[in-house]
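Notes follow once the structure below has been shown.
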Amino acid sequence: AGESEKREKSQSSVEAERRQAQSQGDAALDSGDYRSAVDFFTKAVRLQPRDCRSLCGRARAQLELGEAHEAFMSASMAVRVQPESAVAHLRKGLALRSLGQEHKALPCLQEAMRLDPDLPEARKAMGLASSPKSQRASKKESAAPAREQPEERAFRCAECNDAAEFGAIDEADGNWYCKACWESFVSEDSAVQRPKGLPEDDSPKGARTGAAAADEPSAPPGEPAPASAAGGA
């Protein structure tokens, strides 16, 4: 009974710390201190990897900072842990739009509207996405040959600088790693563990793989595209 009571107190302490970090993130977001908001929300997510609200808040702050790739990662994680969250789909759609992927952003925004038709930000975003000008731009983008964009280079492996098979995105530093490098890290470091509470097919250290990676922008011509590993605010 004593051990059980200690565990309950420990869990209660962690939850209180997570709530405080989330509240601080909300306050920083409202005051325009987006960098601090990212830090607070990241702390909350590390305490509870399935904290969809903090993931959405971090995605919003990252978008405000112009960090579209990081926002996409955060929003994709939010969709993964809580697929019924309209805000999570909204953040993912806005991140994809910022990356110039309008044809991928639109389905995310539509899903946000389906889940919550009265969400003001989603309605505004859908109005922009559905405008004739945006539709023409989306069709033009789909028909145009693939070309390298500055953002796409960020998906090279942080260890070997190769655009090889996608491995994981390390939640601790936000860097992208190819499958070979990530597997070597895991085999060399026995302390690498899967975050508690994440789905079984998520990678260690809160890395994003699978569905989220499938939506990432394509690689430049002549280079292999990152492939999926085996795997509100």
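Heads up: the sequence shown begins at 1 in the numbering used here, then just goes up one per residue.
Every residue, glycine too, gets a C-beta built ideally from N, C-alpha and C.
Every value quoted in this text rests on a predicted model; they were computed, and no experiment measured them.
Helix, strand or coil: how does DSSP classify residue i here?
{"i": "Leu63", "result": "helix"}
{"i": "Cys56", "result": "helix"}
{"i": "Cys160", "result": "coil"}
Are residue i and residue j closer than 9 Å when you measure CB to CB?
{"i": "Ala95", "j": "Phe72", "result": "yes"}
{"i": "Leu106", "j": "Ala78", "result": "no"}
{"i": "Val81", "j": "Cys52", "result": "yes"}
{"i": "Leu47", "j": "Ala37", "result": "no"}
{"i": "Leu109", "j": "Ala125", "result": "yes"}
{"i": "Arg91", "j": "Leu63", "result": "yes"}
{"i": "Gln20", "j": "Gly57", "result": "no"}
How should residue i be labelled, buried or exposed, when 16 other C-beta atoms within 10 angstroms of its C-beta is the threshold for buried?
{"i": "Gln101", "result": "buried"}
{"i": "Lys104", "result": "buried"}
{"i": "Asp118", "result": "exposed"}
{"i": "Pro120", "result": "exposed"}
{"i": "Ser74", "result": "buried"}
{"i": "Gly32", "result": "exposed"}
{"i": "Pro49", "result": "buried"}
{"i": "Ala61", "result": "buried"}
Segments of 4+ residues assigned as alpha helix (DSSP H) that fall wholly inside the stretch 28–54: Taking only runs of at least 4 residues, the alpha helix (DSSP H) segments lying wholly in the stretch 28–54 are 34–47.
Quick check for students: name the residue ranges of the alpha helix (DSSP H) that lie wholly in the stretch 78–134, counting only runs of 4 or more. Fully enclosed alpha helix (DSSP H) runs of 4 or longer: 86–98, 102–115 and 120–129.
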